[in-house]
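Per my numbering, residue 14 is the first one in the sequence shown, and the count goes up by one each step. Input: a single structure, listed below in structure tokens.
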Amino acid sequence: MAFSEKLLQEILDKYPSKVQKNRKKHIFIKNGELESQQIEANTRTIPGIITNRGCAYAGCKGVVLGPIKDMVHIVHGPIGCSYYAWGTRRNKAHSEDPTDNYINYCISTDMQESDIVFGGEKKLTKVIDEVMEIFNPKAITLSATCPVGLIGDDMGAVAKVAEEKYGVQVLSFSCEGYKGVSQSAGHHIANNILMEKVIGTSDLEKAPSKFPINLLGEYNIGGDGWEVERILEDIGYYVVSVMTGDGSYDDIKNAHVAELNLVQCHRSINYIAEMLEKKYGTPWLKVNFIGIQATVETLRNMALYFDDEELIKNTEAVIARELARIEPVIDQYKKICEGKKAFCFVGGSRGHHFQNLFAELGIETLLAGYEFAHRDDYEGREVIPTIKTDADSKNIPHYMPEADEKRFKLKISPERLEELKAKIPLGEYKGMRFDMEDGSIIVDDLNHFETEEFIKILKPDIFTSGIKDKYVIQKMGIPSKQLHSYDYSGPYAGFNGAVQFAKDISMGFASPTWNFITPPWKDQPLLEGKVTEEGVA
Ligand code: CFM
């Protein structure tokens, strides 16, 4: 069923007028005839609406820092902030030296009432002492949770004393959960400090091999990063660092020697990409390893950037070999998937990236959105100068380094850069809207009420989202695939990942389970009502 402005209005009509006015700005139906369609994003969720969003601490410690395997990540806060972030993101890591891989640990200061009343700095110092005694890591991060900011513990001072005492880097992150409006604030905070204090701190002046690249915004969920590295190394690239999936502190220190930065998740790491360009003159390329054609295009764009005959030859050889291997398998799954309709709602970049994979399997994306992305992730980076900073963004520090006098080096000539920019997304991201079909719906910070309403009208065959709505959706008789954690599966990136994804969602479609579920609206009378300013009508 095609969606219309009228149907959208019917959903919105159920809200009180103030809420309706607000939510209207977060939803649009793509209309390619309009040059621009502005969306409101990265603004505070209306109090009372239970949003899918996380917090600044989740974005900083959970998303960006957590996957760095050889640093110990200490959470300063009550235990719940640690426990509920422990092991759920599936950012895999392995290490040559298993004693230098702390990924499975959960380390918290376990603040109690007395720490809140009398201050928690002493306890934090004690935990650092214990961590040094037990693990003796090469570096530590400290992440603040909400109460730390409220009581004013000086984590920076504790970190400084510990650094002097132990001679290892102790990085302090003021990522109290309430900062900003979502985990997006935490990404920015983590990006700033990694850039300021870690990246470029090694003595390495030149990469040890040809075609050195950094892979930014790839967190190795379900092994995605490993599949991408397999392909890149097969072609002949040298991966200096991955930020931060299966990431290593020492590798991140060397990131300045790369000649190109690849940006997979634009939302969480575009800050570092920009800062690396400013400080070292390294351009960044928007890549996408989700989807077969997207992967192929990314590999060709990279080869074009380096413009090396051998590399181009290897790229084509790897593409041809991989396609010959996976296409017959994908074709089998396509028979099951063809003609299906999807909703795709994820955090900040997957809501866009997975649409390619759906399209390749013959699945149309009817509705997509992000929990916490910014306008540029929907509308393209050209809107950045027009984005107004509101009060919620003002407590997130903005950091931009100067060019490094010794190490700044243009990797390619300005003329060549301009020439390339016309062909490949160098320093450019066009956003989700650009790739979506006319008539499809784009929703920012989708909530549970809207989820149910859109499902009832459009009846998708699959809904890819997260744990917070998975079971509501499945009880409505619709298969739901988690695209944050990939449930228990993965990888979904690259060539092997595309096959795994096709297999997993085909199983979802083919399962007879759905025949045994009767959605509530099929046999229960529905109470229809409106919430108005005066109450329930
Ligand atoms: Fe980037 Fe991510 Fe995402 Fe993200 Fe996340 Fe994630 Fe995500 Mo969950 S960094 S924005 S903060 S791609 S944890 S690996 S799946 S919401 S769409």
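Positions of the beta carbon are idealized from the N, C-alpha and C atoms, including for glycine.
Comparing C-alpha positions only, which one of 521, 523, 424, 508 sits nearest to residue 242?
The residue given as residue 242 occupies position 229 in the sequence shown. For the residues 521, 523, 424, 508, the minimum Cα distance to residue 242 belongs to 508.
Pick from 139, 193, 176, 407: whose alpha carbon is nearest that of residue 185?
Indexing the sequence shown from 1 puts residue 185 at position 172. If we check each option's Cα against that of residue 185, 176 comes out closest.
Give me the DSSP bridge partner(s) of residue 275.
What you label residue 275 is simply residue 262 of the sequence shown in a count that begins at 1. Answer is 228, 298.
Would residue 34 be called buried (16 or more neighbouring beta carbons within 10 Å of its own) or exposed?
Here residue 34 refers to the residue found at position 21 of the sequence shown. So residue 34 counts as exposed.
Would you say residue 417 and residue 293 are within 7 angstroms of each other, going by their C-beta atoms?
The residue given as residue 417 occupies position 404 in the sequence shown. The residue given as residue 293 occupies position 280 in the sequence shown. Going by C-beta atoms, residue 417 is nearer than 7 angstroms to residue 293.
In the DSSP assignment, find the alpha helix (DSSP H) that holds residue 336 and state where it starts and stops.
Here residue 336 corresponds to residue number 323 of the sequence shown, with the count starting at 1. That run of the alpha helix (DSSP H) goes 322 to 350.
Could you tell me the alpha carbon to alpha carbon distance between residue 496 and residue 419, rounded to whole angstroms?
Taking the first residue of the sequence shown as position 1, residue 496 is located at position 483. Taking the first residue of the sequence shown as position 1, residue 419 is located at position 406. One C-alpha to the other measures close to 42 angstroms.
Are there any heavy atoms of the ligand CFM lying less than 6 angstroms away from the beta-carbon of residue 456, as far as the coordinates show?
Against the sequence shown, residue 456 aligns to sequence position 443. Residue 456 Cβ: outside cutoff for every heavy atom of the ligand CFM.
Could you check what DSSP says for residue 354 in three-state terms: helix, strand or coil?
For the purposes of this step, residue 354 is identified with residue 341 of the sequence shown, where counting begins at 1. Note: residue 354 maps to strand in three-state DSSP.
Sort out for me which residues DSSP pairs residue 42 with in a bridge.
Stepping through the sequence shown from its first residue, residue 42 is reached at position 29. According to DSSP, residue 42 bridges with 454.
For a quick check, are the C-beta atoms of residue 454 and residue 42 less than 7 angstroms apart?
For the purposes of this step, residue 454 is taken as the residue at position 441 of the sequence shown. For the purposes of this step, residue 42 is taken as the residue at position 29 of the sequence shown. The answer is yes: Cβ separation under 7 angstroms.
Do three or more CB pairs link the segment 465 to 478 to the segment 349 to 366 at distances below 8 angstroms?
Taking 8 angstroms as the limit for Cβ pairs, the verdict is that the segment 349 to 366 does touch the segment 465 to 478.
Going by DSSP in three states, residue 138 sits in which element: helix, strand or coil?
By one-based count along the sequence shown, residue 138 stands at place 125. Looking at residue 138 - three-state DSSP - the assignment turns out to be helix.
Are residue 325 and residue 337 touching if we call contact CB-CB under 7 angstroms?
Taking the sequence shown and counting its residues from 1, the one referred to as residue 325 is at position 312. Taking the sequence shown and counting its residues from 1, the one referred to as residue 337 is at position 324. No, the pair does not count as a contact, with Cβ atoms beyond the cut-off.
Per DSSP, what kind of secondary structure is residue 194 in: helix, strand or coil?
If you number the sequence shown from 1, residue 194 lands on position 181. Correct three-state label for residue 194: coil.
Check whether the segment 437 to 450 touches the segment 383 to 396, counting contact only when three or more Cβ pairs, one atom from each stretch, lie closer than 8 angstroms.
Short answer: they touch.
Just confirm the distance between the C-beta atoms of residue 238 and residue 228, as a whole number of angstroms; I'd bet it's less than 8 angstroms.
Locating residue 238 in the sequence shown gives position 225, counting from the first residue. Locating residue 228 in the sequence shown gives position 215, counting from the first residue. Indeed they touch by this definition, with Cβ atoms about 7 angstroms apart.
What did DSSP end up calling residue 256 once you bin it into helix, strand or coil?
Along the sequence shown, one-based indexing puts residue 256 at 243. In the structure shown, residue 256 sits in a strand (DSSP, three-state: E or B).
If you measure between the beta carbons of residue 156 and residue 88, is that distance less than 7 angstroms?
Taking the sequence shown and counting its residues from 1, the one referred to as residue 156 is at position 143. Taking the sequence shown and counting its residues from 1, the one referred to as residue 88 is at position 75. It is a contact, given that the beta carbons lie within the stated cut-off.
Return yes when the Cβ of residue 74 is within less than 7 angstroms of the Cβ of residue 108, no when it is not.
Against the sequence shown, residue 108 aligns to sequence position 95. Against the sequence shown, residue 74 aligns to sequence position 61. Not closer than 7 angstroms, so no.
Entirely within the segment 161 to 188 and at least 4 residues each: give me those alpha helix (DSSP H) ranges in chain order.
Taking only runs of at least 4 residues, the alpha helix (DSSP H) segments lying wholly in the segment 161 to 188 are 168 to 179.
Near residue 7, what residues of its chain come up, given a Cβ to Cβ distance below 7 angstroms and the 5 sequence neighbours on each side ignored?
As shown, the chain starts at 14 and ends at 550. That puts residue 7 outside it, with no answer to give.
Restricting to Cα atoms, I'd like to know which of 16, 65, 378 is closest to residue 449.
By 1-based counting over the sequence shown, the position of residue 449 is 436. Here the closest residue by C-alpha is 378.
Taking just the CA atoms, how far does residue 55 sit from residue 464?
By 1-based counting over the sequence shown, the position of residue 464 is 451. By 1-based counting over the sequence shown, the position of residue 55 is 42. If I take the Cα positions, the gap works out to 19 angstroms.
Measuring straight from C-alpha to C-alpha, what distance separates residue 458 and residue 62?
Position 445 of the sequence shown, counting from 1, holds the residue named residue 458. Position 49 of the sequence shown, counting from 1, holds the residue named residue 62. If you take the alpha carbons of residue 458 and residue 62, they lie about 10 angstroms apart.
Given residue 328, which residues of its chain have a CB within under 8 angstroms of its CB, disregarding the five upstream and five downstream residues?
Position 315 of the sequence shown, counted from the start, is the residue given in the question as residue 328. The residues are 248, 312, 313, 315, 316.
Within 10 Å of its beta-carbon, does residue 97 have 16 or more other beta-carbons around it, so buried, or fewer, so exposed?
As a position in the sequence shown, residue 97 is number 84, starting the count at 1. Classification of residue 97: exposed, given that the 10 Å Cβ count is below 16.
Whose C-beta lies closer than 6 angstroms to the C-beta of residue 278 among residues of the same chain, with five residues either side of it excluded?
Stepping through the sequence shown from its first residue, residue 278 is reached at position 265. 230, 362, listed in sequence order.
Are the beta-carbon atoms of residue 179 and residue 208 separated by less than 7 angstroms?
In the sequence shown, the residue the question calls residue 179 occupies position 166. In the sequence shown, the residue the question calls residue 208 occupies position 195. No. Outside cutoff.
Which whole-angstrom value describes the C-beta separation of residue 408 and residue 151, a residue pair presumed to lie in contact below a C-beta threshold of 8 angstroms?
One-based indexing of the sequence shown puts residue 408 at position 395. One-based indexing of the sequence shown puts residue 151 at position 138. About 31 angstroms; that fails the 8 angstroms criterion.
Can you tell which of 380, 198, 18 has its C-alpha closest to the C-alpha of residue 467?
To locate residue 467, count along the sequence shown from 1; it is residue 454. Cα-wise, what sits closest to residue 467 is 380.
Quick check on this structure: which residue in 141, 159, 252, 190 has the alpha carbon closest to the alpha carbon of residue 183?
Numbered from its first residue, the sequence shown carries residue 183 at position 170. Per the Cα distances, 141.
Drop a sphere of 10 angstroms on the beta-carbon of residue 268, count the other beta-carbons inside from all chains shown, and report buried for 16 or more, exposed for fewer.
Position 255 of the sequence shown, counting from 1, holds the residue named residue 268. So residue 268 ends up on the buried side.
Among all the DSSP beta bridges, which residues are the ones paired with residue 378?
Taking the sequence shown and counting its residues from 1, the one referred to as residue 378 is at position 365. DSSP lists 355 as partners of residue 378.
Is the closest heavy atom of the ligand CFM to the C-beta of residue 365 under 6 angstroms?
The count along the sequence shown starts at 1 and reaches residue 365 at position 352. Checking the Cβ of residue 365 against the ligand CFM gives no.
Considering just the uninterrupted stretch of the beta strand (DSSP E) at residue 493, what are its terminal residues?
For this step, residue 493 is matched to residue 480 along the sequence shown. Run containing residue 493: 493 to 495, per the beta strand (DSSP E) assignment.
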